[in-house]
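The numbers in the UniProt record's numbering rise by one with no breaks, and the one at position 12 of the sequence shown is 12.
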Amino acid sequence: MLKVDDINVYYGNIQALKGVSLEVKEGEIVTLIGANGAGKSTLLKTLSGLLKPKSGTIHYLDGSISGKAPQSIVKTGISHVPEGRRVFANMSVEENLELGAYLRKNTKEIRKDMEHVYELFPRLQERRKQISGTLSGGEQQMLAMGRAIMAKPKLLLLDEPSMGLAPLMVKNIFQIIEKINREGTTILLVEQNANMALSIADRAYVIETGKVVVSGSASELQSSEQIKKAYLGGH
Numbered sequence: 001m002l003k004v005d006d007i008n009v010y011y012g013n014i015q016a017l018k019g020v021s022l023e024v025k026e027g028e029i030v031t032l033i034g035a036n037g038a039g040k041s042t043l044l045k046t047l048s049g050l051l052k053p054k055s056g057t058i059h060y061l062d063g064s065i066s067g068k069a070p071q072s073i074v075k076t077g078i079s080h081v082p083e084g085r086r087v088f089a090n091m092s093v094e095e096n097l098e099l100g101a102y103l104r105k106n107t108k109e110i111r112k113d114m115e116h117v118y119e120l121f122p123r124l125q126e127r128r129k130q131i132s133g134t135l136s137g138g139e140q141q142m143l144a145m146g147r148a149i150m151a152k153p154k155l156l157l158l159d160e161p162s163m164g165l166a167p168l169m170v171k172n173i174f175q176i177i178e179k180i181n182r183e184g185t186t187i188l189l190v191e192q193n194a195n196m197a198l199s200i201a202d203r204a205y206v207i208e209t210g211k212v213v214v215s216g217s218a219s220e221l222q223s224s225e226q227i228k229k230a231y232l233g234g235h
């Protein structure tokens, strides 16, 4: 579904991604783990068109999306839930969700999908007229995910969905990620909480200083002593 081949990405003169290659197959949950500043968010921003690779290719479905504008990439069926939620703070929950569907025309379908988002996140339905900036961190995360789902993505890019959330909320968010995946959306997940990420993923890539250093099935990585020591709090 998605094939990233040898991409190099720079911020000015600083190289953030160094020859990164990875693959996401349809129906999978693939996770990227690594320390802060390793290049995980940079990779997601490049996939969604917010950053342009200097070289290398990004192949998605039947064509190349390397260097395409973000709005063209959304049209192909990729939605990005950015780190730090980025909800439209002065707008209501419902207005945020409607914005997620701004490229879609069928009002009936949009309504149906909004009902579905409310089924996934009952808390949002209770707060649908509330101004988004007044929601808790966990509720804003739900809203950011709900807004992305409203675009009807084939591939969902999730950047640090558990960041700053209470343990119970983290568990809830991860259960919803699994449900979204079971319903047919492929997921590429960037996550600091490596234990949680590996527990729901099919496969994983470890990024260090802009390079993929290890990849394999999530269960292999979970049982690897090297990974346990570096990322899973193992001794």
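Think of the CB as a built atom: it goes at the ideal place given N, C-alpha and C, for glycine as much as any other residue.
*So what's H235 in DSSP terms, helix, strand or just coil?*
Unreliable positioning characterises H235 in this predicted model, as indicated by a pLDDT of 47, which lies under 50. The coordinate reading is nonetheless provided below. Coil at H235, not helix or strand.
*If you draw a straight line from the C-alpha of A194 to the C-alpha of A35, how long is it?*
10 Å
*Helix, strand or coil: how does DSSP classify V87 here?*
coil
*Of the residues Q141, Y205, E191 and E220, which one's Cα is nearest the Cα of F121?*
Q141
*Is DSSP giving S223 helix, strand or coil here?*
helix
*State the CB to CB distance for the pair P153 and G77, rounded to an integer number of angstroms; the pair is presumed to be in contact (CB under 8 Å).*
5 Å
*Out of K54, T42, E139 and S55, point me to the one whose CA is closest to R86's CA.*
E139
*Going by C-alpha distance, which of G84, T57, L103 and Y205 is nearest E160?*
G84
_Measuring straight from C-alpha to C-alpha, what distance separates V4 and Y11?_
19 Å
*Determine the DSSP secondary structure at R203, reduced to helix, strand or coil.*
R203 falls in the strand class under three-state DSSP.
_Any alpha helix (DSSP H) of 4 or more consecutive residues that is wholly inside the segment 65-126_ = 70-75, 93-100, 107-120 and 122-126
*Quick one: give me the first and last residue of the beta strand (DSSP E) that N8 is part of.*
L2 to Y11
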